[in-house]
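K.L.:
Chains as they are written, first to last, in our numbering: chain A, 96 to 388; chain B, 54 to 336.
Idealized CB from N, CA, C, for every residue including glycine.
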Amino acid sequence: MLLNRKHRAALLFILPGIIMLTIFIIFPFFMSFGLSFTNQRLISKLPTKFIGFENYERLFGDKVFIQSLLNNFLFAVIVVPIQTSLALGMAMLVNKKIKGVKIFRTVYFMPTVTTMAVVAVIWSFLYNPEGLINNFFHTISFGNWTTVDFLNDPLWAFPSIMLLSIWQGAGFQMLIFLAGLQEIPYSLYEAATIDGAGSWKKFTNITLPQLKNTTSFVLISTTILALRLFDQVQIMTNGGPRNATMTVILHLYNSGFQKQKVGYASAMTVVFFLIVLGISIFQRMILKEEREA
Amino acid sequence: MANRSYKKMKIIDSAVSYMLLILLFAFFLFPLIYMISTSLNPNETDILKKMASAEAFVPSQISLDNYFDVFDRMPFSRFMFNSILIVSTTVICGLFINSMLAFGLARFNFKGRNFLVALIVALMIIPFEAVAIPLLWITNSFGWLDTYHIQIIPFIANPFYIFLFYQFFIQFPKALEEAALIDGAGWFKIYWKVALPLSKPIMASVAILHFLMQWGFYLWPLMVTRGPDYRPLPVSMNVFFGQYPRNWGDIMAFASMMTIPVLLLFVFLQRQFINSAKTSGVK
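As structure tokens, then:
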């Protein structure tokens, strides 16, 4: 092949990265489609067989899978709005020009640099039936609180996981909002003050519209994170009690790794990816609309 | 008159702000303080007795016994070494491989360049979980299970970090490299002596994001490590957590040793951490 010097140089720069992306992302990505039509197992002496859509048929009849999909959506529906508004509120607070604000910002971000495995372990202790959180509710309700075994109670287990997820994730999004807030021209607020607008008016008429892109980014990325929920449920409840905290990725891990059903897990991977893809396309559409408007 | 009521409003405003700030401060800090104070309490019965009260935050007796216990009960230094080795190798190799690819795409014009850029952007959508199971199957057939490199090599090249570098390199004026080329510098020299030094802020952001991702990585090492030899900290923590009867003092000592170094790093490099979080919002 005839390549001039410049092209040879370009090739040297891009080749190592392209090879790695191909082997470790592109190839396995397409592989999951192929494997999803087979009965492939992780380690097996039997030959791999093409079985058509059988995995998909079984998947949509799999009660645990349906339950995990519903759980992931429930998690997104509850956590995304709470975490996003909390993060926005925090960003507005630490954006104020008052003393000591940097210390608060530092502390709010600390959970984000704490590994999820550690977070899960600390909160497991806090959620203990004789633990701090039960006692806290006991105190603020003047003794009317009946002790709850948070992580073993089908009603409480998932909300408990949600709370610590918000605790861990809000700081990161606060910083993204903070970056957005700092880009809003101050003159907009000054003009509004002259027009006699109050704080609430300024918030709804200036802050929110100016943060539209930031907010949609935060909303979508938190939604996708909600679909990827794994570490904390695997460590704290392992999907229980009675699948109350089972998630798609935990089910994927159980089927593909624990039970070694690679074909079946690949079908699940494909469905999971299509959902993430749908959300990402939705995001691009919103942003595009924004740019054209 | 109007001025006075304005002043009053301002005082109320900052009073309310401080109240909220302090409330949130307590909410975000208390679990971490709880972790550290429990880890310093050498008496397990005392830990269990006080676990529900405010006393849990002030250990009556401070000792490092739990920390020594952790080293006695398991090869903790091995786990720490594994994590540091895996994370540092991935991050350092990642900086070079990702920035080189980005440089190649941003500074050269060749057939298929636009396709490759579009491909990288498309790959950003694929979450790791969407390739985990086939990747397990592939790496297993390579015979890589239970090694260091199975935790390193697949995670070096990353479309998002490539994209961040690309966005940065594409802004360089053409004159910069033209001058260097006339001086007789080769492309590699331009990359090494011009592009990389200029991209220090973006390198810091990428390194921090990559570090946080790898340091806390749980799903993959859970599947590909069998014994303690190649196991990183998060999985080791969970194995220890799963052993009954639980000794909370020791567990919290383990958690603290895993967390405090990173927290200190964060406090010292705070500006870089904040920038890295901000850059992740430019997708």
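Quick one: list the residues of chain B neighbouring Asn134(A), beta-carbon separation under 8 Å, in chain order.
P.N.:
Taking the first residue of the first sequence as 1, we reach residue 134(A) at position 39. Within chain B, no residue comes near Asn134(A); the closest Cβ sits about 13 Å away, beyond 8 Å.
K.L.:
Between which residues of its own chain and Ala212(A) is the CB-CB distance below 7 Å, once the five residues before and five after are set aside?
P.N.:
If you number the first sequence from 1, residue 212(A) lands on position 117. Closer than 7 Å at the Cβ level, and outside the excluded window around Ala212(A), lie Asp326 and Ile330.
K.L.:
Within the 9 Å Cβ cut-off, does Thr91(B) reach chain A?
P.N.:
Working through the second sequence from its first residue, we reach residue 91(B) at position 38. With 9 Å as the cut-off, Thr91(B) counts as an interface residue toward chain A.
K.L.:
Which parts of the stretch 98-148 of chain A are runs of the beta strand (DSSP E), unbroken and 3 residues or longer, counting only runs that do not cross its ends?
P.N.:
Here no run is fully enclosed.
K.L.:
Show which residues of chain C have a CB atom less than 8 Å away from the CB atom of Tyr87(B).
P.N.:
The chain labelled as chain C is not found among the protein chains of the depicted structure, namely A and B.
K.L.:
Spell out a yes or no on whether the stretch 344-363 of chain A and the stretch 248-264 of chain A are touching, meaning 3 or more CB-CB pairs, one atom from each, closer than 8 Å.
P.N.:
No, because fewer than three Cβ pairs between the stretch 344-363 of chain A and the stretch 248-264 of chain A fall closer than 8 Å, the two stretches do not touch.
K.L.:
Just to confirm the assignment: which complete alpha helix (DSSP H) runs, minimum length 4, are found wholly within the stretch 142-201 of chain A?
P.N.:
Within the stretch 142-201 of chain A, the complete alpha helix (DSSP H) runs of at least 4 residues are 149-155 and 158-189.
K.L.:
Quick one: what's got a C-beta closer than 7 Å to Ile100(B)'s C-beta in the same chain, skipping five residues either side?
P.N.:
Mapped onto the second sequence, residue 100(B) falls at position 47. For Ile100(B), where only same-chain residues beyond five positions count, the Cβ hits under 7 Å are Thr91, Asn94, Trp301 and Gly302.
K.L.:
Spatial neighbours of Ala257(B) within its chain, please: CB distance less than 6 Å, with the 5 preceding and 5 following residues excluded, ordered by chain position.
P.N.:
Taking the second sequence and counting its residues from 1, the one referred to as residue 257(B) is at position 204. Contacts found: Gln325.
K.L.:
Indicate whether the contact test is met: 3 or more Cβ pairs, each with one atom in the stretch 291-310 of chain A and one in the stretch 121-136 of chain A, closer than 8 Å.
P.N.:
The answer is no - the stretch 121-136 of chain A does not touch the stretch 291-310 of chain A, with fewer than three Cβ pairs under 8 Å.
K.L.:
For Ala210(B) and Asn151(B), what's the separation of their Cα atoms in angstroms?
P.N.:
Along the second sequence, read from residue 1 onward, the residue named residue 210(B) stands at position 157. Along the second sequence, read from residue 1 onward, the residue named residue 151(B) stands at position 98. Their backbone Cα atoms lie some 6 Å apart in a straight line.
K.L.:
Would Phe129(B) and Phe307(B) be called neighbours here (beta carbons separated by less than 9 Å)?
P.N.:
Indexing the second sequence from 1 puts residue 129(B) at position 76. Indexing the second sequence from 1 puts residue 307(B) at position 254. Yes, Cβ-Cβ distance for Phe129(B) and Phe307(B) is below 9 Å.
K.L.:
Helix or strand or just coil, what does DSSP make of Phe225(B)?
P.N.:
Counting from one through the second sequence, the residue named residue 225(B) turns up at place 172. Coil.
K.L.:
Looking at the structure shown, is Phe223(A) part of a helix, part of a strand, or coil, going by DSSP?
P.N.:
By 1-based counting over the first sequence, the position of residue 223(A) is 128. Strictly speaking, residue 223(A) in this sequence is Asn, with Phe absent from that position. Correct three-state label for Asn223(A): coil.
K.L.:
Tell me whether Lys356(A) sits in a helix, a strand or coil according to DSSP, three-state version.
P.N.:
If you number the first sequence from 1, residue 356(A) lands on position 261. In the structure shown, Lys356(A) sits in coil (DSSP, three-state: anything other than H, G, I, E or B).
K.L.:
Can you check whether the CB of Leu314(A) is closer than 9 Å to the CB of Ile301(A)?
P.N.:
To locate residue 301(A), count along the first sequence from 1; it is residue 206. To locate residue 314(A), count along the first sequence from 1; it is residue 219. In this structure, Leu314(A) does not lie closer than 9 Å to Ile301(A) by Cβ.
K.L.:
Can you tell me whether Arg323(A) is helix, strand or coil according to DSSP?
P.N.:
If you number the first sequence from 1, residue 323(A) lands on position 228. Here Arg323(A) sits in coil by DSSP.
K.L.:
Tyr201(B) touches chain A at which residues, Cβ-Cβ below 9 Å?
P.N.:
Locating residue 201(B) in the second sequence gives position 148, where the first residue counts as 1. Near Tyr201(B) there are no residues of chain A at all, since even the closest Cβ is about 16 Å away, more than 9 Å.
K.L.:
Determine whether the beta carbon atoms of Trp275(A) and Gly334(B) lie at a separation below 9 Å.
P.N.:
Here residue 275(A) corresponds to residue number 180 of the first sequence, with the count starting at 1. Here residue 334(B) corresponds to residue number 281 of the second sequence, with the count starting at 1. According to the sequence as given, residue 275(A) is Gly; it is not Trp. Their beta carbons are under 9 Å apart, which means Gly275(A) touches Gly334(B) by this criterion.
K.L.:
Does Arg337(A) come out as helix, strand or coil in the three-state DSSP assignment?
P.N.:
Taking the first residue of the first sequence as position 1, residue 337(A) is located at position 242. Coil.
K.L.:
Quick one: which residues of the stretch 341-374 of chain A get their C-beta closer than 9 Å to a C-beta of chain B? List them in chain order.
P.N.:
Hits within the stretch, in order: Val343, Ile344, Leu347, Tyr348, Ser350, Gly351, Phe352, Val357, Ala360, Ser361, Met363, Thr364, Val365, Phe367, Phe368, Val371 and Leu372.
K.L.:
Check this for me: beta carbons of Gly157(B) and Val259(B), under 9 Å apart or not?
P.N.:
For the purposes of this step, residue 157(B) is identified with residue 104 of the second sequence, where counting begins at 1. For the purposes of this step, residue 259(B) is identified with residue 206 of the second sequence, where counting begins at 1. Taking 9 Å as the Cβ cut-off, Gly157(B) and Val259(B) do not qualify as a contacting pair.
K.L.:
Can you tell me where the alpha helix (DSSP H) holding Phe149(B) begins and where it ends?
P.N.:
What you label residue 149(B) is simply residue 96 of the second sequence in a count that begins at 1. Phe129 to Arg160 is the extent of the alpha helix (DSSP H) around Phe149(B).
K.L.:
For the alpha helix (DSSP H) containing Gly302(B), list its first residue and its last residue.
P.N.:
As a first step, residue 302(B) must be located in the second sequence, where it is residue number 249. Where Gly302(B) is concerned, the enclosing alpha helix (DSSP H) stretches over Trp301 to Phe321.
K.L.:
Are the beta-carbon atoms belonging to Val315(B) and Thr201(A) less than 9 Å from one another?
P.N.:
Translated into positions along the second sequence, residue 315(B) becomes position 262. Translated into positions along the first sequence, residue 201(A) becomes position 106. Not in contact: Val315(B) and Thr201(A) (Cβ atoms no closer than 9 Å).
K.L.:
Suppose you measure from the CA of Val214(A) to the CA of Arg57(B); what does that come to, to the nearest Å?
P.N.:
Reading the first sequence from its first residue, position 119 is the one you call residue 214(A). Reading the second sequence from its first residue, position 4 is the one you call residue 57(B). Those two C-alpha atoms are separated by around 47 Å.
K.L.:
Run the CB neighbour count on His202(B), radius 10 Å, all protein chains shown included, and call it buried at 16 or more, exposed below.
P.N.:
Here residue 202(B) is taken as the residue at index 149 of the second sequence, counted from 1. His202(B) comes out exposed.
K.L.:
So for Arg126(B), helix, strand or coil by DSSP?
P.N.:
On the second sequence, position 73 is the one that residue 126(B) refers to. Residue state, collapsed to three classes: helix.
K.L.:
To which residues of the same chain is Leu97(A) closer than 7 Å at the C-beta, ignoring the five residues directly before and after it?
P.N.:
One-based indexing of the first sequence puts residue 97(A) at position 2. Confidence at Leu97(A) is low in this model, with a pLDDT of 47, below 50, so the placement of that residue should be treated as unreliable; the coordinate-derived value is given next. Contacts found: none.
K.L.:
Would you list, in chain order, the members of the stretch 100-117 of chain B that have their beta-carbon closer than 8 Å to a beta-carbon of chain A?
P.N.:
For the stretch 100-117 of chain B, which is checked against every Cβ of chain A, the residues closer than 8 Å are Leu101, Met104, Ala105, Ser106 and Ala109.
K.L.:
Using a Cβ-Cβ cutoff of 8 Å, what residues of the stretch 228-242 of chain A are near chain B? List them in chain order.
P.N.:
Of all residues in the stretch 228-242 of chain A, Asn229 and Asn230 have a Cβ within less than 8 Å of some Cβ in chain B.
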